[in-house]
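Numbering (full-length UniProt numbering), first residue to last: 1 to 552. Virtual Cβ for every residue (Gly too), placed ideally from N, Cα, C. For reference, the structure discussed in these notes is given below.
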Amino acid sequence: MSRRTDSVGGIGGNSVSYILFDMNQPRHLLFLHRLACLAAISVILVGILVLVGWKSDMPALYRVAPDLPPMSPATAFSFIFTGMALLLLQPEKPGAFQLMVGQVLAVGGILLGLLMLLKFVSREAATAFESVMSVVGLSTLSSLPSSPQTGLAFILTSTGLLLLSLNRPKLVNVAQWSALFSVMALVVVFFGYAHKENMFYVFADDVGIALHTATAFALTGWGIILAKVEKGFFSIMASNGAGGLVVRRVIILMALFPPLLGWLPVLLHSSWLTHTQVESMLAAVMVLIVVAMVIRLAYRLEAEETLRTGAEDSARQHQANLAHMVRLNMMGEMASGIAHELNQPLAAVANYAGACQRMIHAGQDAQRLLEPLDGIQKQARRASEIIRRLRAFVRKQQPHKIQTSLEHVIHEALLLIKTSGGKHNIPLMLELSDSVPDIKMDAIQIEQVILNIVQNAVDAMNETASQCRQVMVRSFVNPEGMVQVNITDTGPGMDAALRECIFDAFVTTKGQKGMGIGLSLCRSIIEAHGGRLWVESEAGQGATFSFTLPVE
Numbered sequence: 001m002s003r004r005t006d007s008v009g010g011i012g013g014n015s016v017s018y019i020l021f022d023m024n025q026p027r028h029l030l031f032l033h034r035l036a037c038l039a040a041i042s043v044i045l046v047g048i049l050v051l052v053g054w055k056s057d058m059p060a061l062y063r064v065a066p067d068l069p070p071m072s073p074a075t076a077f078s079f080i081f082t083g084m085a086l087l088l089l090q091p092e093k094p095g096a097f098q099l100m101v102g103q104v105l106a107v108g109g110i111l112l113g114l115l116m117l118l119k120f121v122s123r124e125a126a127t128a129f130e131s132v133m134s135v136v137g138l139s140t141l142s143s144l145p146s147s148p149q150t151g152l153a154f155i156l157t158s159t160g161l162l163l164l165s166l167n168r169p170k171l172v173n174v175a176q177w178s179a180l181f182s183v184m185a186l187v188v189v190f191f192g193y194a195h196k197e198n199m200f201y202v203f204a205d206d207v208g209i210a211l212h213t214a215t216a217f218a219l220t221g222w223g224i225i226l227a228k229v230e231k232g233f234f235s236i237m238a239s240n241g242a243g244g245l246v247v248r249r250v251i252i253l254m255a256l257f258p259p260l261l262g263w264l265p266v267l268l269h270s271s272w273l274t275h276t277q278v279e280s281m282l283a284a285v286m287v288l289i290v291v292a293m294v295i296r297l298a299y300r301l302e303a304e305e306t307l308r309t310g311a312e313d314s315a316r317q318h319q320a321n322l323a324h325m326v327r328l329n330m331m332g333e334m335a336s337g338i339a340h341e342l343n344q345p346l347a348a349v350a351n352y353a354g355a356c357q358r359m360i361h362a363g364q365d366a367q368r369l370l371e372p373l374d375g376i377q378k379q380a381r382r383a384s385e386i387i388r389r390l391r392a393f394v395r396k397q398q399p400h401k402i403q404t405s406l407e408h409v410i411h412e413a414l415l416l417i418k419t420s421g422g423k424h425n426i427p428l429m430l431e432l433s434d435s436v437p438d439i440k441m442d443a444i445q446i447e448q449v450i451l452n453i454v455q456n457a458v459d460a461m462n463e464t465a466s467q468c469r470q471v472m473v474r475s476f477v478n479p480e481g482m483v484q485v486n487i488t489d490t491g492p493g494m495d496a497a498l499r500e501c502i503f504d505a506f507v508t509t510k511g512q513k514g515m516g517i518g519l520s521l522c523r524s525i526i527e528a529h530g531g532r533l534w535v536e537s538e539a540g541q542g543a544t545f546s547f548t549l550p551v552e
């Protein structure tokens, strides 16, 4: 398996192979996983830059504008924790050391979030928080508080990361919902920045959620969702179908729009355009983007529809070719019976022709030749009808559904099977309801289904010593309003194990004589007509094969 890896130094000189991406993944899934990785790296960089800003006294790195709340050092430090945890826990199967470090970082993020939250209500928590900051060399900056909203967001995202590390679908689902709830809550913060309503992002005085804090949380939330997007509630995004394509396009728009809206006041700080003008321009651009996405999506769906239609046509052609091959094989199996059936009218024609010759040589009246000549005509028509049925049955043609009499199709099938049934002294009984209407179907394919099932019944009863051997074909309209055909035999039946797999491809009870595709093909034909084929049977009690066809 082709993978992209980096080596990370481990304990005691050992190395841990950190798998970034499985290159054998589908392209769209690989793209989503790369976005999650990019989100993790971006969050880490934001945390590092803000800490550098505080350490180097560079306000531009930790405060986006003089009148807006800054990102505190504790928040920046926590982002480094959560970003590294996301980066380590993203792979499908992280190494043991990698998993342990990721989980420790996620727990650390939860604890830092709790301390941020409790600092506002407990002096002991504030003391503990200052102790943690002094350990990492930020004791001089620990007095700068983070907002309780920030602490709560860290608890949610870090809990999501911890659940993500357990790699179980239900827990991944909870992690994704936890991340989505955090992202949705941030929409209010971005709205506040967009409309300069500080009540949505300021907690007290200079304490609030900084704009880049909200952006980093949004990146973390989407990173958690995309890290294992193929699992959990958001697995639709990993789909290669039209639904997955639509969701991916909408999610990208949904992820970008709130942060862009929130950054407007900062971007307009030195601009000659007013906030309202740029907001209107942004709305117009977003509309154009949506229209462009819809057009591109329409082209993509059209291409997929063309491919799907082509695949369906190819499958239908393959099924038609397979059906033709099976019909030829069935004719081969019935060749001796067909030859016998043709031999009778041909022998009669020869006898009648000999009689005509003798009568002519004897100088008899021409009127007496009419009777043997009439016999020749009838027997020739009989042979011609047999050949017509055979040619119609084995002719290779495209599936074509037309309104057809089911009774006529059943009679045509039984006329073909008659030779085999008569040869084994197995009577073919009919019980056809007059209430069955003409239905839209491919007559040759339905004839093939009936012929295949009846031939199987004849072959099965040929192997049993039962004195009462017969095949009964019944047609009627069932209570669901569909036409139903039951084909019942008095053969050996089948046990439960055989019943379960009788319609599977290459399953046969005829040993080397059978291909095992007849009944599988019959089911495909019936399902292509909108019906259903099934069997009811018990060992030693015969079998009843039934199929339905819709009445249009």
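Can you tell me whether DSSP reads residue i as helix, strand or coil?
i: residue 532; result: coil
i: residue 234; result: helix
i: residue 56; result: coil
i: residue 543; result: strand
i: residue 166; result: coil
i: residue 68; result: coil
i: residue 247; result: helix
i: residue 440; result: strand
i: residue 537; result: strand
i: residue 202; result: strand
i: residue 208; result: strand
i: residue 521; result: helix
Less than 8 Å between the beta carbons of residue i and residue j, yes or no?
i: residue 39; j: residue 220; result: yes
i: residue 218; j: residue 70; result: no
i: residue 102; j: residue 115; result: no
i: residue 483; j: residue 551; result: yes
i: residue 79; j: residue 113; result: no
i: residue 31; j: residue 51; result: no
i: residue 228; j: residue 164; result: yes
i: residue 45; j: residue 61; result: no
i: residue 476; j: residue 433; result: yes
i: residue 37; j: residue 98; result: no
i: residue 298; j: residue 342; result: no
i: residue 157; j: residue 82; result: yes
i: residue 223; j: residue 236; result: no
i: residue 586; j: residue 350; result: Absent from the structure is residue 586, since the part of the chain shown begins at 1 and ends at 552.
i: residue 293; j: residue 248; result: no
Taking all protein chains shown into account, do 16 or more other C-beta atoms lie within 10 angstroms of the C-beta of residue i, making it buried, or fewer, making it exposed?
i: residue 402; result: exposed
i: residue 449; result: buried
i: residue 468; result: exposed
i: residue 92; result: exposed
i: residue 240; result: exposed
i: residue 395; result: exposed
i: residue 176; result: buried
i: residue 358; result: exposed
i: residue 385; result: exposed
i: residue 361; result: exposed
i: residue 364; result: exposed
i: residue 442; result: buried
i: residue 488; result: buried
i: residue 408; result: exposed
i: residue 13; result: Legend: pLDDT at residue 13 = 41, less than 50; position of this residue unreliable, no value from coordinates given.
i: residue 406; result: buried
i: residue 169; result: exposed
Which residues bound the alpha helix (DSSP H) around residue i?
i: residue 220; result: 211 to 227
i: residue 96; result: 96 to 118
i: residue 461; result: 443 to 461
i: residue 78; result: 73 to 89
i: residue 500; result: 496 to 501
Could you spell out where the beta strand (DSSP E) holding residue i opens and where it closes?
i: residue 472; result: 471 to 477
i: residue 404; result: 402 to 404
i: residue 432; result: 428 to 432
i: residue 486; result: 483 to 489
Mind reading off the beta-carbon distance from residue i to residue j? Whole number of angstroms is fine, and I expect it under 8 Å.
i: residue 522; j: residue 478; result: Actually they do not touch by this definition, with Cβ atoms about 19 Å apart.
i: residue 253; j: residue 290; result: 7 Å
i: residue 186; j: residue 225; result: Not really, about 14 Å apart at Cβ, beyond 8 Å.
i: residue 428; j: residue 417; result: 7 Å
i: residue 544; j: residue 532; result: Actually they are not in contact, since the Cβ atoms of residue 544 and residue 532 sit about 14 Å apart, beyond 8 Å.
i: residue 230; j: residue 415; result: So it is not a contact: roughly 56 Å between Cβ atoms.
i: residue 64; j: residue 212; result: 6 Å
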